[in-house]
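> Quick one: this structure, given as structure tokens, is what I'll be asking you about.
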Amino acid sequence: MGLHTAGPYSERLTRLLPWLDWVALDVKGRGQDFDHLALRH
Numbered sequence: 009m010g011l012h013t014a015g016p017y018s019e020r021l022t023r024l025l026p027w028l029d030w031v032a033l034d035v036k037g038r039g040q041d042f043d044h045l046a047l048r049h
């Protein structure tokens with residue numbers, strides 16, 4: 009089972025993790041900040 013989320017309530021997400029196979033986070037930001045947000049260096 010998976011979950012799409014924007015992740016605003018991380019403590020709730022943490023409780024669900026044992027039952028999830030994957031989590032998709034909707035990360036928003038300015039285009040020039042994408043590499044930093046996506047942890048690309």
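Each residue of the sequence shown is one higher than the one before, starting from 9 at the first, in the numbering used here.
Backbone N, C-alpha and C define an ideal beta-carbon position, used for all residues, glycine too.
Identify the residues that DSSP records as bridge partners of residue 30: which are they?
Residue 30 pairs with 10.
> Can you give me the C-alpha to C-alpha distance between residue 12 and residue 18, rounded to a whole angstrom?
Going by the C-alpha atoms only, they are around 13 Å apart.
> So what's residue 39 in DSSP terms, helix, strand or just coil?
In the structure shown, residue 39 sits in a helix (DSSP, three-state: H, G or I).
> For residue 47, which of helix, strand or coil comes out of DSSP?
Three-state DSSP puts residue 47 in coil, outside helix and strand.
> Looking at C-alpha atoms only, which residue of 44, 15, 33, 24 is the closest neighbour of residue 9?
Among 44, 15, 33, 24, the Cα nearest to that of residue 9 is on 24.
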